[in-house]
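Asker:
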Amino acid sequence: MSNLPPSPPFVPAKPSGETVTLTEDATGKSFKMNMINGSVGPKVIDISKLYAETGHFTFDPGFTSTGSCESKITFIDGEKGILLHRGYAIEDLATKSDFMEVAFLLQHGELPTAPQKTEFVKHITYHTMVHEQLMKFYSGFRRDAHPMAVMTGVVGALSAFYHDSLDINDPVQREISMHRLIAKMPTIAAMAYKYSVGQPFVYPKNELSYTENFLNMTFSVPAEPYKINPILAKAMDRIFILHADHEQNASTSTVRLAGSSGANPFACIASGIASLWGAAHGGANEAVLTMLAEIGSVANIPNCIARAKDKSDNFRLMGFGHRVYKNFDPRATIMRQTCHEVLSDLGVKDPLLDIAMELEKIALQDDYFVTRKLYPNVDFYSGIILRAMGFPTKMFTPLFALARTTGWVAHWAEMLSDPTQKIGRPRQLYTGAPQRSFVALASRK
Ligand code: SDX
């Protein structure tokens, strides 16, 4: 076990004493349910006994009104555009902290002291290498394989290498697995990039910071020295912070559900990577760049807006809208600022940024977007910065997965430490065929 403080024991919130009564009109029967208060944000109605008492399920496809768990990690107020990690505002963390501190905060509940930070960073640094055999996995992929396909396969395969840290009931093994996952994601992502461009893999260097190490493994080549650009390193670290965690989003919920069955942590994180890949989720950053390139010029923006509003066209304005934020995504605001800083520091003039700025301006004046409260989200500007930094579009979502691993492992550990935790097993509204007799082949018409 490291000398790091153990994560605080998870103490579930208790019913507040307030209740809600549900009355079935057809029978007049009433059912009383307890309410539980959050420390901030909406109260919940505990419906866990509803089926046992009423024989009915609730119905909430997409979980728009359903709390799937109790958590103390991240709070989002979608109406006000607030994002807190363990109570700290994302604006403060993105401008005053660094990614290793945020990773520690998500996992341990507090910002690290200087000795704790040194200890945590040491553990992460010394787990950045991958098993030499793991490198052979890459040669099984086509060079043009999407790096998210590579990440899903290689991260899932980690469970075949680390048999000494698969016992999820052993806190020591849980901690080692979390450190390994946080530490190895940059190495695995950088290797996916190197493989795609036919360059040799670059080993981690322990004297570099987490983010510098990732840039070196991605962009250095054996033929010449590589100088870390401090502007890029700082921007990369901030982008990692902005992507670290986001409450019970689709990929984090996937990790929790996989973990609830007792699956090993590497398999759980691989399931999160797979879920994040979708264009409606983490794949949106790649889709934004493709969309901006397709728009091609400011003159074409009205046509794109019209398509986004046309219900017969499944085109959506990628990087806009959010299930929770009905105001600006605070990460998008910080990302836009960072975008301007990085491009001007690098002296890069990217016409896609001009298109993005104009698209945002027009959309935010258009009634369709205003009435539906569709604002730019975290993915709208991130791709423009990453492109300026030299990353190909296909690497954008792997970078999102790299950063979100810190949130995924924190939620995985929290789920396991919750004494009320049980395997996730949602039910359904069944509207298929009622039971019927089998029809022999000869009798089928
Ligand atoms: C992320 O959940 C998280 O926290 C995710 C994330 C994280 O950090 O983990 O924040 C990361 O995934 C950000 C979102 C990235 N996705 C995109 O940018 C893809 C484009 N956006 C959408 O597909 C959409 O906005 C979602 C998926 C993000 C949210 O979809 P919802 O909440 O299910 O909203 P909806 O589909 O019910 O839309 C409500 C209305 C609909 O119109 P009406 O039926 O009311 O007429 O808004 C429209 C939608 O058609 N709409 C859009 C739109 N998004 C919603 N119309 C055009 N362009 C869009 N982008």
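Each residue of the sequence shown is one higher than the one before, counting from -18 in this note's numbering. Even glycine gets a Cβ: it sits at the ideal position worked out from N, Cα and C. None of these values were measured; they are calculated from a predicted model.
In whole angstroms, what is the alpha-carbon distance linking residue 301 and residue 210?
Answerer: 31 Å
Asker: Please state whether the Cβ-Cβ distance between residue 378 and residue 129 is less than 8 Å.
Answerer: yes
Asker: Heavy atom of the ligand SDX less than 7 Å from the Cβ of residue 289, yes or no?
Answerer: yes
Asker: Going by the CB atoms, is the gap between residue 105 and residue 164 shorter than 8 Å?
Answerer: yes
Asker: Considering residue 12, what are the terminal residues of the beta strand (DSSP E) in which it resides?
Answerer: 11 to 17
Asker: Determine the direct distance from the alpha carbon of residue 366 to that of residue 60, and round the result to whole angstroms.
Answerer: Approximately 27 Å between the Cα atoms of the pair.
Asker: Using DSSP bridges, identify the partner residues of residue 58.
Answerer: 63
Asker: Using the Cβ count rule (16 or more neighbours within 10 Å means buried), how would you classify residue 277?
Answerer: exposed
Asker: Which of the three DSSP states, helix, strand or coil, is assigned to residue 351?
Answerer: helix
Asker: For the alpha helix (DSSP H) holding residue 390, just list the boundary residues, first then last.
Answerer: Counting along the chain, the alpha helix (DSSP H) containing residue 390 begins and ends at 377 to 398.
Asker: Is residue 196 closer than 8 Å to residue 213 when the C-beta atoms are compared?
Answerer: In this structure, residue 196 lies closer than 8 Å to residue 213 by Cβ.
Asker: Thinking residue -12 and residue 90 are a contact (beta carbons under 8 Å), I'd like their distance in whole angstroms, please.
Answerer: 7 Å
Asker: Measuring CB to CB, does residue 191 end up less than 8 Å from residue 101?
Answerer: no
Asker: Report the rounded CA-to-CA distance for residue 252 versus residue 174, giving the unit in angstroms.
Answerer: 21 Å
Asker: Which residues in the same chain have their Cβ closer than 6 Å to the Cβ of residue 355, if we skip the five residues on either side of it in sequence?
Answerer: 301, 302
Asker: Looking at the unbroken beta strand (DSSP E) that takes in residue 2, where does it start and where does it end?
Answerer: 0 to 4
Asker: Once DSSP output is grouped into helix, strand and coil, what is the label at residue 236?
Answerer: Helix, per DSSP.
Asker: Could you check what DSSP says for residue 209 in three-state terms: helix, strand or coil?
Answerer: Coil.
Asker: Residues bridged to residue 26 by DSSP?
Answerer: 16
Asker: Might you give, ordered along the chain, the residues of its own chain that have their beta carbon closer than 7 Å to the beta carbon of residue 266, omitting 5 neighbours on each side?
Answerer: 360, 363, 364, 377, 378, 381
Asker: Who are the near neighbours of residue 233 in its chain, counting only those whose CB is closer than 8 Å to its CB and skipping five residues on each side?
Answerer: 226, 227, 253, 385, 388, 389, 392
Asker: Does the segment 284 to 303 touch the segment 338 to 354, meaning 3 or more C-beta pairs lie closer than 8 Å?
Answerer: yes
Asker: Below 8 Å between beta carbons: does that hold for residue 279 and residue 335?
Answerer: Here residue 279 is near residue 335, since their CB atoms are less than 8 Å apart.
Asker: Indicate, with yes or no, if the ligand SDX has a heavy atom lying under 7 Å from the CB of residue 263.
Answerer: yes
Asker: Distance, Cα to Cα, residue 154 vs residue 147?
Answerer: Each residue's Cα considered, the two are about 7 Å apart.
Asker: Does DSSP put residue 305 in a helix, in a strand, or in coil?
Answerer: coil
Asker: Go ahead and pull the three-state DSSP assignment for residue 202.
Answerer: strand
Asker: Quick check: residue 161 and residue 184, are their CB atoms within less than 8 Å of each other?
Answerer: No; because the gap between Cβ atoms is not below 8 Å, this pair is not in contact.
Asker: What does the alpha-carbon distance come out to for the pair residue 25 and residue 16?
Answerer: Straight through space, the alpha carbons of residue 16 and residue 25 are spaced by roughly 6 Å.
Asker: Nearest-angstrom Cα distance between residue 156 and residue 21?
Answerer: 29 Å
Asker: Closest by CA to residue 182, which one among 98, 368, 118, 273?
Answerer: 118 is the residue among 98, 368, 118, 273 whose C-alpha sits nearest the C-alpha of residue 182.
Asker: If I'm right that residue 315 touches residue 78 with Cβ under 8 Å, what's the distance once you round it to whole angstroms?
Answerer: Not quite, the Cβ-Cβ distance comes to about 13 Å (not below 8 Å), so this is no contact.
Asker: In whole angstroms, what is the alpha-carbon distance linking residue 250 and residue 87?
Answerer: 16 Å
Asker: Determine which residues share a DSSP beta bridge with residue 70 and list them.
Answerer: 65
Asker: Compute the Euclidean distance between the alpha carbons of residue 204 and residue 194, then round it to the nearest angstrom.
Answerer: 18 Å
Asker: Since residue -17 and residue 395 should fall inside the 8 Å C-beta cutoff, what is the C-beta to C-beta distance between them, to a whole number of angstroms?
Answerer: A Cβ-Cβ separation of about 18 Å leaves residue -17 out of contact with residue 395 under the 8 Å criterion.
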